[in-house]
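Numbering of the sequence shown is given in our numbering, commencing with residue -13 and proceeding in unit increments.
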Amino acid sequence: MSFSEDLYIYDLGETDFTHNGFPIVDFWEEPEINRQINGRYALTGLYMKEGQLSELIVKDAVIRAQVPDRTWQLFRIATIKDDGEYIQFTARFKGLDVNRNFIDNMIAKNQTVTSIMRMIGESLEFSQNYQFLSNMGSQHQFTIKQNHPIDAIIGSNSGNQNLISVVGGELDMYGNTFYLKEQLGNDNGFRIDFGINLESIVEIISEEEPPNTLYLIGATPEGDYDEEREPITLKYLEAPGMVITDENRVIATYTNENCKTVAELKEWADTELFGRQKVHMQKSAHEISLVDLANTLEYKDYLAYVELQLGDLIHGTLQRSRKNVTERVIEYTWYPRLKEYKKLGTGSSVDYYTEKAESKINTLLKKIDHNTDFLKESIINATQLITGNDKGHIMFWPKNRPRELRIMDTDDANTAKYVWRFNLGGLGHSSNGVDGPFPLAITQDGKIVADYILAGVLRAIDIIGVNIYGSMISGAEIIGSVLKSIGPYGNQVVIDGGGYAFEDTQTGQVIAKLHNNGNVLALERKRNNSGFNDLLSFSDDLAVLMHQNFFEINAPITRMQKLEAQSAVIDGRLDVDSIYINGVQLIPGQGGGGGGDWNGTYPPGVTSSADKFAWQAWAILIGKGYSKQAAAGILGNIQGEVGPAMNPDMSQVGGPAYGAVQWDGSAYPLVGSPTWNGREYVQRLMSSAGITKDYTTMSAQMDLLDWCMYNGQWIGAVSPTTVAGFKSISDVSQAAHAFERNFERPAVAHPEREGWAVTWYNKFKDLEISTGGAWRAPIDNPITVTSEFGWRTDPFGSGEQEFHNAIDLVGGTGSTTNIYASGDGTVVFAGYENSYGNYVIIKHANGLFTGYAHNSSLSVANGDVVTQGQKIANMGSTGSSTNPHTHFQFFRNGPWPSSSSDFINPREYINF
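Dropping the structure here:
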């Protein structure tokens, strides 16, 4: 027996559900199935009263629908609301009919969960064909007195604990079977970045710090009545896979009197506390709107989530802390006809999700209960307001999932001729009925399309500052008149005789002229009474700006959109969007004058991790205009703050400071209120400074150090007292001393830092900082670019525009073509990642990341340190790919960027 994608309803009283029933299609809104672990399992729908099968939608009628695991399940209508135009119904999972049965008295003593479930089925007062199963072997005592079976398992058990509370586990329901399992779902490696599209993903994080060490208490050993005995204990059991020190240890106590030995306590902790409950993990919950995500660029990355099932694991990254968490699908809302999720509710545990989401769920149910009245009233009000009560008819289109409003000249879409269509694209009009076409009359930003101005007379009116005096506009010509545009600064533009003149509105005097002399377009201005001189002129190969003692550029134009000059002199202000030197962007507000930013490569001899951390700071500081002596002075202080490892990702032991220079916000923070959380304080500072790099990196922290120099951290206690003076300092020892007293501000000075600064200076002063051209292409020549970076038409045939966050390259012989690391770095991801297929991400020392997607095979693993030109993969066509190629990326804020703006065109670094 097979079924289509419709829902099916059966005649009231039907008992044979092996046939199709009647397909129901006339829904006003898409019907939904909502299910929660150990909770609600229901189908809701809003059906049109004039629908063909409305007479069958009555209380107790049965509906068949397909659920996420692609099985067909039955739902019995429990509530009906009929207002004459729409029928709203709620149908519960039909298997719950067993709750109409009754259990008078059932006592299970030291029985396995499997036996308890079997006893529940056998204790039903009235015989029904239901199965109560379990695969759980633990033993328990359990009692049911005068109660319904499902209530006793997951609901209210007449004042006693329900079965779930006693034994744990999660109840699966399908057909007439109830199966109590240790845990629903599987781990299929699904991954999500909860920071992507925050409007589509709501995040709830527990403020409690989870324990990483357990103090376990078991049963008290049996003995003489008068003899005092202590219970069995297992002290300070540490969570698996975590690095625990005395500084970060968090201890919690758990008791289980069923555990009679230390070995049983250990097994209980491993399987239940650390295993199923995951008490050591961050407690979190998320509500993911797949409908909202469908409108985003990243939606293709979520298409696989339609295969998720209740209880399945999702591995993710939190929005703010960027910590990795593992959550489960605790709840879903499913469109059974569309075969896709509307929403997913995930949580680190069922209890935490239920606690945090309960109020939201109640609010949702109230909205469902009242959506009929609201929708009806909205439609009536909209029709009256828009059409004036008696003319025109409103239709939402399409009716199941409306995206636009249509105003028709009749109440029937089949007979309507004149139709207005309003959506996010603007306002369009059709004279051919609802099927269009609909040429735009008003654009989405409110501009009126001139093609629609066909009626009435335009006479003596102002159009955006342009006056048309006594003239007629015919086609694209201005006949017999002069067109004048009056500006706000006492001037006007006059178009007359094919030329453009700029006049003073008071005197009528011409102050500048724009004209075309052959192949030269020239702008002239009047100089006192001495006539006109060229101010700016353009020809095919020359651009010249003439001046008197203030500005000059003389530049041959060698390519469109790019002006190249051998020299230029600027006296005064220059406004530009961005400045690049040797292909590297200079960042405003972060100093300058030292040769730009460092490109991420190390000179020979810089090989140890400490040297590399130090070189990162050295190169970046010099790029921001610090002298070599000033940079060395800062390095000496970094060594004093974090030790000889020079690792910037370092928290103060037992204190509030963090980072390369141990930023401390516990007493006098530069931003916000005092805090003992150094990591949070550094991230707070970076947010104020507009720094979006990974806060744990030396690159980000040197950006922050430079910002702090100008924003209150530098106090000028000793010479040099100014930031400018320090940046140009020429004495290394003085630089170390000045930075410590003016920036670090210790209670006691540390003269040893001056010696460390001298050592760093002598090590680095003669080494060259590479600032450009250090990246290599990921494949060997010859290289063909098959798709550029930026917006393009979807290559899979949808016709939609999509943002392509990389450049696609081919070369060699497909799957045998080697893929090489574009620069030195560390592999932070190597594996299969949805649409990217076999994917490698490399983090580089300058804060950038490179990505290499669709590979046929990988040659590196997570954590590998790679050098430029090292083979990392073979070209392939895995994931969402049409042919073998390399999808090559540069991006910031990795390894999983939250915005398309984080990606950078690889052509900014490599010439292909």
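From the three backbone atoms N, C-alpha and C, an ideal C-beta is built for every residue, glycine too.
Chain C within 8 Å of R739, Cβ atoms only: Protein chains in the displayed structure number just one, and chain C is not present.
Given P634 as reference, the closest of T745, L276, V668 and R21 once Cα atoms are compared: V668
Per-residue DSSP class, three states only, for H415: strand
Three-state secondary structure assigned by DSSP to D752: coil
Residue closest to I63, alpha-carbon to alpha-carbon, out of P54, Y27, T319 and E15: Y27
Buried or exposed (CB count within 10 angstroms, at least 16 for buried), H871: buried
Given N198 as reference, the closest of Y222, S335, T65 and Q74 once Cα atoms are compared: Y222
Three or more C-beta pairs below 8 Å linking the region 802 to 811 and the region 772 to 782: no
Buried versus exposed call for D490 [16 or more other C-beta atoms within 10 Å across all chains shown]: exposed
Beta-carbon proximity check, Y747 vs A618, cutoff 8 Å: yes
Reduced DSSP secondary structure (H/G/I, E/B, other) of K403: coil
Under 8 Å between C-beta atoms of Q125 and Q97: yes
For Q856 and T836, the rounded distance between their alpha carbons: 14 Å
Spatially closest choice to A743 from M632, L795 and P732, by CA coordinates: M632
Proximity to R235 [Cα-Cα], best of E214, E195 and E258: E195
Assumed close pair E317, S334 - CB separation to whole angstroms, cut-off 8 Å: Going by Cβ atoms, the distance from E317 to S334 rounds to 14 Å, so no, they are not a contact pair.
Local Cβ density within 10 Å of F260, reported as buried at 16 or more and exposed below that: buried
Host alpha helix (DSSP H) of T100 (start-end): V99 to E108
Residue from N244, T303 and V248 with nearest C-alpha to S270: T303
L60 and F3 closer than 8 Å at C-beta: yes
With 16 other Cβ atoms within 10 Å as the buried cut-off, status of N310: exposed
Residue interval of the alpha helix (DSSP H) (run including F599): S595 to G609
Rounded straight-line distance, which links the Cα of S674 to that of G123: 56 Å
The region 151 to 164 contacting the region 76 to 89, beta-carbon criterion three pairs below 8 Å: yes
For I218, three-class secondary structure by DSSP: coil
Beta-carbon proximity list for S144, same chain, < 7 Å, skipping 5 on both sides: K131, Q132 and N133
Assigned secondary structure, D90 (DSSP; H/G/I helix, E/B strand, else coil): strand
Per-residue DSSP class, three states only, for V592: coil
C-beta contact flag for R56 and L(-7) at 8 Å: no
R751 burial status per 10 Å Cβ neighbour count (16 or more: buried): Reading off the sequence, residue 751 comes out as Lys, not Arg. With fewer than 16 other Cβ atoms within 10 Å, it is exposed.
Residue interval of the alpha helix (DSSP H) (run including G664): G664 to A675
Residues sharing a beta bridge with N841, DSSP: N824
Three-state secondary structure assigned by DSSP to V813: strand
Beta carbon of G865 nearer than 8 Å to that of H840: yes
Rounded Cβ spacing between Q699 and F729 (contact assumed at less than 8 Å): 6 Å
A77 and Q127 closer than 8 Å at C-beta: no
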